[in-house]
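First comes the structure, then the notes that go with it.
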Amino acid sequence: MKLDAYWMPFTANRQFKKAPRLLARSSGMHYWTHDGRQILDGVAGLWCVNAGHARPRIVQAIQQQAAEMGFAPPFQMAHPKAFELAEEAVKLAPAGMTKLFFTNSGSESVDTALKMALAYHRVRGEGHRTRLIGRERGYHGVNFGGLSVGGIVSNRKMFGAMLAGVDHIRHTHDLSRNAFSVGQPENGADLADDLERLCALHDPSTIAAVIVEPIAGSAGVFLPPKGYLQRLREICDRHGILLIFDEVITGFGRTGQPFAAQTFGVTPDLMTVAKGLTNGCVPMGGVFVKQVIHDTFMNGPEHLIEFFHGYTYSAHPLACAAGLGTLATYAEEGLLTRAATLQGYFGEALHSLKGLPNVIDIRNLGLVGGIELQPIAGEPAKRAFNVFLDCFDKGVLVRTTGDIIALSPPLIVERQQIDQMVDMLRGAIQRAA
Ligand SMILES: Cc1ncc(COP(=O)(O)O)c(C=O)c1O
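In this note's numbering, the protein residues as written are 577 to 1009.
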């Protein structure tokens, strides 16, 4: 097979093409490589495949839809499954988030939410609210909006000045006070007050929205300190700032409730999703919106478009079919709350790795786990990458960011498979010492 033409995303292309890792098939908790090796999926593909692989209802829904109607224009036209999926999805969302706008990815969801926030303020006569606030070490995809509010240096540094008028609050990662926390860390609610600092600097009347991940995933599994999200909510309310939760990885059961907003008891104004919405089978994202925000747009002559935004593939028929099959599977198998019943077992298994060489932190909540390693001096990210390669070689797929290993298995995972993942990780971490 020729590997030349494909320039791979977020990949060490030269390393990969010397020793390719090709996946050919998947089912349930497993992938199979092109040469037939079985790989236990420790990361739900890429935080996507929450119901596990090749689930029959989803497969059938996509196949049937492809035969029935492969595309329908989404502007000034629609098809029934778009409405059905939105109706089913908003039933799962926090109270008051009654509207859903469809996109095709997490990055598009983020840019859509940022644009909605700016336009919302303008429609209600506060067009001076133009600033967007993100957080250091946040990940909100790779489009210019999400990149601008994101806070991962390597993702940003090549791409110029990005959006104007963006600022960042401090991140919450604090090993000196919170290492080896089980569940939410005790210390750091006060870091939310950094938003007050930016309000004092810019004046709150210039700020449209703040966006954070309830749990930062891609940047390395950072859990919100107890009380932190509540405090952010209070500050936003005090100053008329919209709060956006980026639930692209936390949505659809990852934390033990349908959304992390429910797990943490804090309702945002807008909520971005993707990945688990269709179990990763067909690209799709969305933005859940509070009724009052949506209704603010519904003014002026009725024949005019209210929000000049959308994508050719918004509410794509195959994605809607996949989404309906996915939500039905979640409901039938109780998957959206299954992480809550497994988190104790999962947490204990992960924390049993404490004391291994170079393990400087372990953190967990729901079915999300992070293991942070001491970097090799002068070679950041190498130790964790070695663990990733070793795990893949032995038969388990994990993910790494820098020297942090992330686990986020499909929500159908069984206890014995958790043990298997952790055992393989134990060996790989020991070998990487
Ligand atoms: C929190 C968050 N937001 C946005 C994105 C971007 O999603 P996508 O890669 O589908 O554009 C991701 C992807 O991992 C994410 O974790």
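Even for Gly, the Cβ is constructed at its ideal location relative to N, Cα and C.
Here LEU661 really is in contact with CYS896; their C-beta atoms are around 5 angstroms apart, less than 8 angstroms. Here the distance from the Cβ of LEU853 to the nearest heavy atom of ligand 1 is not below 8 angstroms. Taken through DSSP and simplified to helix, strand or coil, PHE659 comes out as helix. Beta-bridge partners assigned by DSSP to TRP608: ARG601, GLN614. 9 angstroms or more divides the Cβ of MET874 from the Cβ of PHE678. ALA895: member of the alpha helix (DSSP H) spanning 893-909, first to last residue. Beta-bridge pairing by DSSP links ASP822 to THR848. In this structure, the C-beta of ALA737 stays at least 8 angstroms away from each heavy atom of ligand 1. Between GLY946 and ILE994, the C-beta gap is not smaller than 9 angstroms, which leaves the two residues out of contact. Taking all protein chains in view, the Cβ of ARG807 is crowded by 16 or more other Cβ atoms within 10 Å, so the residue is classified as buried. For ILE728, the number of other beta carbons within 10 angstroms of its own is at least 16, and it is reported as buried. For LYS691, the enclosing alpha helix (DSSP H) covers residues 682-699.
Contact between ILE936 and HIS927 does not hold, since the beta-carbon distance rounds to 13 angstroms and is not under 8 angstroms. The beta-carbon distance between LEU853 and PHE828, rounded to whole angstroms, is 6 angstroms. This is short enough to meet the 8 angstroms contact definition. By the Cβ neighbour-count rule, ARG713 is buried, with 16 or more other Cβ atoms within 10 Å of its own.
Its Cα nearest to that of CYS857, the residue ALA620 stands out among TRP583, ALA620, GLN591, ALA595. Put simply, the region 801-815 touches the region 759-767. At least three CB pairs are less than 8 angstroms apart. Its Cα nearest to that of ARG732, the residue VAL718 stands out among VAL718, HIS744, VAL742, ILE745. For the options TYR696, HIS629, ARG633, the alpha carbon positioned closest to that of PHE884 is the one of TYR696.
ALA915 and ILE988 have their C-alpha atoms some 9 angstroms from each other.
Shortest gap from the CB of ASP845 to any heavy atom of ligand 1: 8 angstroms or more. Residue pairing by DSSP places VAL619 in no beta bridge whatsoever. In the three-state reduction of the DSSP assignment, PHE968 falls in the helix class.
Judged by DSSP in its simplified three-state form, LEU973 adopts strand. DSSP places ILE634 within a helical segment (H, G or I) once states are collapsed to three.
Here ALA785 is not near LEU739, since their CB atoms are 9 angstroms or more apart. Residue state for GLY923 is assigned as helix, using DSSP reduced to three classes.
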